[in-house]
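Encoded as structure tokens, the structure appears first; notes follow it.
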Amino acid sequence: MAAAIAAGIGPAVAGSAESEQAPGAGLKLKSHAALVLDQQSGDILYGKNAQAVVPIASITKLMTAMVVLDANLDPGEKILITKDDVDSLRGSHSRLRVGAPLTRDELLRLALLASENRAASALGRAYPGGPESFVRAMNLKARLLGMRGSRFADPTGLSSTNVSTAEDLATLVRSAHRYAKIREYTTAKDYKVSLGGGHPVAFRNTNRLVGSGAWDIGLSKTGFINEAGRCLVMQATLAGRTVIIVLLDSWGKYTRIGDANRIRKWLEIASGHDSPPNKAAARSRLSSMPSPAVSSAESRSGLEPQGS
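This is the structure in structure tokens:
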């Protein structure tokens, strides 16, 4: 299985990661489900409820992007935002007005960087065969990747029937990281686009860690609907090793960020800041090391747009 993981095929992890036991016994996270995976070796560094099937909100948009790019459609084709792209399920806000003309590439950027729901919807609507064909392609891609616990219902992630597991999402991140545009668009701090008149409108990345000097992020995607909680997936280089991080159903508005920073500090302390770390010594330190403290700010409530 480790060979399959390293090759990026089949399930992301071997065996069960259903509990917060070793490996990673010294790390305590607040996210309901989580996985930290060494991308090169396939080693599980931390697992918690990693096989639980849960809603994944806008993490869905990584699959949306892969399906769009796999189809080799014209990135410069103009696509109008229509009333069909308006979120009637949750009423999420969008700055993309009905009638706004954007290229397919602009829509892809906005769906990934700013988690723009109308952009993702328009990408699915403009796919050959329309939204139904698009969703079929999403689920076919999931099956080909070995994501057995995953089902997709729409390109936005607004439906709670878009579900997956932390294990499957590690596979999704590994696959998505192979696409240069997904790497570029998910790690840009912001993007300005003309919406058909006036000054360009600036959109910011929904992951506040992007652009932070403490992080070397190769791929990033956030997600939030009430049923899914706050979610975050990343590929990053930490303490000399490339890891995939999956955080699902974080219970506080800031907890997914807090959990990500706890993982970073945990790995840095364990490695002694060596690059790459001595694996045997690092594993020993990882299992015995106390988890970085939880900030009280992480439990603060606050409004956050669903689908972000």
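Using our numbering, read the sequence shown as starting at 296 and increasing by one per residue. Every residue gets a Cβ at the ideal spot worked out from N, C-alpha and C, and that includes glycine. Computed from a predicted model, the values in this text were never measured in an experiment.
On the DSSP bridge assignment, give the partners of residue i in chain order.
i	result
residue 331	341 and 540
residue 463	Looking at the DSSP assignment, residue 463 forms no beta bridge with any residue, so it has no partner.
residue 545	525
residue 485	499
residue 370	Residue 370 pairs with nothing; no bridge assigned.
residue 512	531
residue 518	526
To the nearest angstrom, how far is the alpha carbon of residue i from that of residue j?
i	j	result
residue 565	residue 473	28 Å
residue 393	residue 421	15 Å
residue 363	residue 419	8 Å
residue 461	residue 417	27 Å
residue 367	residue 567	45 Å
residue 405	residue 533	27 Å
residue 314	residue 542	Low per-residue confidence applies at residue 314: pLDDT is 42, beneath 50, and the placement is therefore not dependable, though the value from the model is reported in the following sentence. Going from the Cα of residue 314 to the Cα of residue 542 covers about 14 Å.
residue 438	residue 384	27 Å
residue 548	residue 602	14 Å
residue 544	residue 327	5 Å
residue 512	residue 502	11 Å
residue 414	residue 531	26 Å
residue 387	residue 550	22 Å
residue 535	residue 478	19 Å
From the options, pick the residue whose C-alpha is nearest to that of residue i; which is it?
i	options	result
residue 505	522, 527, 495 and 488	527
residue 360	454, 429 and 541	429
residue 495	397, 349 and 347	397
residue 509	552, 448 and 351	552
residue 427	341, 449, 534 and 603	449
residue 480	458, 409, 322 and 369	409
residue 391	451, 412 and 324	412
residue 490	483, 484 and 498	498
residue 325	556, 425 and 562	556
residue 540	559, 476 and 425	559
residue 523	455, 335 and 381	455
residue 407	520, 488, 482 and 537	482
Going by DSSP, what residue range makes up the beta strand (DSSP E) through residue i?
i	result
residue 525	524-533
residue 497	496-499
residue 355	That residue, residue 355, is in no beta strand (DSSP E); its alpha helix (DSSP H) goes 355-365.
residue 403	Unbroken run through residue 403 is the alpha helix (DSSP H), 399-408; no beta strand (DSSP E).
From what residue to what residue does the alpha helix (DSSP H) around residue i run?
i	result
residue 435	425-439
residue 550	550-566
residue 418	412-420
When you measure from the CB of residue i to every non-hydrogen atom of the ligand SAM, does any distance come out below 6 Å?
i	result
residue 386	The ligand SAM is absent from the structure shown, which contains no ligands of any kind.
Touching or not, the region 457-471 and the region 342-359, by the rule of three or more beta carbon pairs under 8 Å?
-> With a cut-off of 8 Å on Cβ pairs, the region 457-471 is in contact with the region 342-359, counting three or more such pairs.
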